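Visitor: To start, I am sharing the structure in question, which I have written as structure tokens.
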Amino acid sequence: MKARKNRKGLILVNTGDGKGKSTSSFGTIFRAAGWGLNICIIQFIKGQWQTGEQLAAKRFDNIDWYALGDGFTWDTKNPEQDIKTTMEIWEFAKEKIISKDYDVVLLDEINYCCDYGWLSGKEIADFLYEAKAPWMHIILSGRNAAPEVIAIADTVTEMKKIKHAFDKGINAEQGIEF
Ligand code: ATP
Ligand code: MG
0 MKARKNRKGL ILVNTGDGKG KSTSSFGTIF RAAGWGLNIC IIQFIKGQWQ
50 TGEQLAAKRF DNIDWYALGD GFTWDTKNPE QDIKTTMEIW EFAKEKIISK
100 DYDVVLLDEI NYCCDYGWLS GKEIADFLYE AKAPWMHIIL SGRNAAPEVI
150 AIADTVTEMK KIKHAFDKGI NAEQGIEF
């Protein structure tokens, strides 16, 4: 693996209304982990269920996993609490990025927090522009990525839904959806 000084740290965004934003991000994480890079995963919105990706990550000693969301739902009843929680997670994420302990940091579902107005895309973009080490990779996932975040990213992918099993009433399937 190249030394940090020889790497080009990238900002990747996985967005769109189709399935695959988080799973693509985890695919990249496991690829990087295979090369021995130190990985930090911060989940801004905690799912209801234990996930296979979190269980898989436990098999690696170079992946640290922080599921910090309140488990808040899509239609939030308490926006003040959601903003407070989001800002706490964002402060935590900033510390991890500044610490330079990690080669790759995944901010899973952070885009939703901008979409809901809990965290500004400009704040994220300004911080990454100033504070991200040149060798550090950052991945941001979630629907409706903020334009400011898209503007500073190197690679942006929009997952486009053609079909989703959910539309046929098929429930979330273990091993595929979580
Ligand atoms: P995945 O984690 O499977 O890559 P995702 O990160 O792209 O999905 P999210 O918006 O985070 O999608 O949604 C999480 C859950 O919702 C997943 O179980 C996913 O399969 C499901 N999902 C994603 N896109 C759609 C859609 N268009 N319609 C219904 N359910 C969806
Ligand atoms: Mg997701």
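Position 25 of the sequence shown, counting from 1, maps to 24 under numbering that gives the first Met the number 0, and the rest follow consecutively.
Don't be surprised by glycine CBs; every beta carbon is placed ideally from N, CA and C.
Since the structure is predicted, the reported quantities are computational estimates derived from the model, not experimental observations.
Using the beta-carbon count (16 or more within 10 Å), is L54 buried or exposed?
Guide: Taking the sequence shown and counting its residues from 1, one reaches residue 54 at position 55. Exposed, by the Cβ-count rule.
Visitor: With DSSP run on the structure shown, which of helix, strand or coil describes N13?
Guide: To locate residue 13, count along the sequence shown from 1; it is residue 14. DSSP places N13 in strand when its eight states are reduced to three.
Visitor: Buried or exposed for M0, going by 16 or more other Cβ atoms inside 10 Å?
Guide: Residue 0 sits at position 1 when you count from the first residue of the sequence shown. With fewer than 16 Cβ atoms within 10 Å of its Cβ, M0 is classed as exposed.
Visitor: Leaving aside the five residues before and after D63 along the sequence, list all residues of the same chain whose C-beta is less than 6 Å from its C-beta, in chain order.
Guide: Here residue 63 corresponds to residue number 64 of the sequence shown, with the count starting at 1. These residues qualify, in order along the chain: C39.
Visitor: Out of curiosity, what's the CA-to-CA distance linking V155 and G141?
Guide: Counting from 1 along the sequence shown, the entry for residue 155 is found at position 156. Counting from 1 along the sequence shown, the entry for residue 141 is found at position 142. Spanning the two alpha carbons is a distance of roughly 12 Å.
Visitor: The beta strand (DSSP E) with S184 in it runs from where to where?
Guide: As displayed, the chain neither begins before 0 nor continues past 177, which places residue 184 out of reach and without an answer.
Visitor: Hey, G120 and E147: beta-carbon distance below 7 Å or not?
Guide: Within the sequence shown, the letter at position 121 stands for residue 120. Within the sequence shown, the letter at position 148 stands for residue 147. Contact flag set, yes.
Visitor: Where do the N-terminal and C-terminal ends of the beta strand (DSSP E) with W64 fall, by residue?
Guide: One-based indexing of the sequence shown puts residue 64 at position 65. First-last of the beta strand (DSSP E) with W64: I62 to A66.
Visitor: Any idea what DSSP makes of M0, helix, strand or coil?
Guide: Here residue 0 corresponds to residue number 1 of the sequence shown, with the count starting at 1. DSSP places M0 in coil when its eight states are reduced to three.
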